[in-house]
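All you need for the numbering used here is the position in the sequence shown, starting with 1, plus 40. All C-beta atoms in this analysis are idealised placements derived from N, C-alpha and C, irrespective of residue type, glycine included.
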Amino acid sequence: MGATIRDMTQDDAEWFLPLNNSEVPHVNALDADDLAALLAEASLARVAQVDDQPAAGLIVFSPGAAYGSANYAWYQQRYDGFVYIDRVVTGPAFRGQGLARRFYDEAWAMAAEQDVMLCCEVNEEPPNPGSMRFHERFGFEPVGGQQTEGGKKTVVLLARMPE
């Protein structure tokens with residue numbers, strides 16, 4: 041079962057939106073207009089397909105995007121250069137096949153080319169221990185934290201610094 045990686049387009053909304061929204065609260069819910077706005081500002085938006093079936097999606101931002109995320113804004117206020125992983129979602133049938141790792145490798149290559157950090161956040165409340173373990177294995181370290189959504193979420197802000 042080989043995976044191919046391609047650019048995400050608005051045509052992916054049909055499968056991506058239900059998958060994304062099934063992962064709330066680990067990611068924020070989206071509708072078609074939200075996805076269109078994200079794709080217009082994203083510096084990288086990718087889809088992993090397994091046997092021609094969409095399996096996972098990635099959306100990444102660089103500084104200067106018109107993106108209203110409180111977590112993205114946290115990095116933008118503190119760092120001149122970064123690559124921000126906004127979301128990675130993988131379909132349940134495709135988890136454990138290394139798709140997220142391939143996305144992170146691609147985002148890391150983008151950050152390394154620019155000699156900037158790769159950053160993201162993981163929910164501390166509600167907890168997401170599997171995601172935290174993944175990020176720790178990938179070399180991310182905490183650089184901050186904050187509450188979002190009126191205190192409904194607490195996130196750990198993470199970064200992997202350039203080598």
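Among the options, which has the Cα closest to the Cα of residue i?
{"i": "residue 126", "options": "145, 139, 83", "result": "83"}
{"i": "residue 111", "options": "200, 201, 187", "result": "187"}
{"i": "residue 77", "options": "121, 51, 106", "result": "106"}
{"i": "residue 149", "options": "117, 52, 47, 202", "result": "202"}
{"i": "residue 50", "options": "65, 75, 61, 62", "result": "75"}
{"i": "residue 81", "options": "133, 108, 167", "result": "108"}
{"i": "residue 53", "options": "133, 79, 180", "result": "79"}
{"i": "residue 66", "options": "119, 92, 166", "result": "166"}
{"i": "residue 136", "options": "104, 90, 189, 121", "result": "90"}
{"i": "residue 121", "options": "104, 189, 133", "result": "104"}
State buried or exposed for residue i, treating a residue as buried only when at least 16 other CB atoms are found within 10 Å of its CB.
{"i": "residue 86", "result": "buried"}
{"i": "residue 173", "result": "exposed"}
{"i": "residue 196", "result": "buried"}
{"i": "residue 151", "result": "buried"}
{"i": "residue 192", "result": "exposed"}
Here's a check: name, in chain order, each residue in its chain whose Cβ is nearer than 6 Å to the Cβ of residue i, leaving out the five neighbours to either side.
{"i": "residue 94", "result": "55, 87"}
{"i": "residue 160", "result": "125, 198"}
Please go through the same chain and pick out, in chain order, the residues whose beta-carbon is closer than 8 Å to the beta-carbon of residue i, but skip the five residues on each side of it.
{"i": "residue 131", "result": "59, 94, 95, 96"}
{"i": "residue 147", "result": "84, 98, 100, 123, 125, 158"}
Output the boundary residues of the alpha helix (DSSP H) element that contains residue i.
{"i": "residue 150", "result": "139-154"}
Among residues of its own chain, excluding the 5 on either side of residue i, which ones have a beta-carbon nearer than 7 Å to its beta-carbon?
{"i": "residue 184", "result": "114, 197"}
{"i": "residue 178", "result": "144, 200"}
{"i": "residue 162", "result": "168, 171, 172, 175, 195, 196, 198"}
Is there at least one Cβ from chain B nearer than 8 Å to residue i's Cβ?
{"i": "residue 117", "result": "Absence of chain B from the displayed structure is noted, only one protein chain being present."}
- Given 8 Å, three or more beta-carbon pairs between the segment 52-71 and the segment 127-142: In short, these stretches touch, since the Cβ pair count reaches three.
- Mind the definition here: the segment 43-63 touches the segment 137-147 only if three or more C-beta pairs lie below 8 Å; say whether that holds. The segment 43-63 vs the segment 137-147: in contact.
- Should the segment 146-161 be regarded as contacting the segment 55-65, the criterion being three or more beta carbon pairs within less than 8 Å? Counting Cβ pairs under 8 Å, fewer than three are found: no touch.
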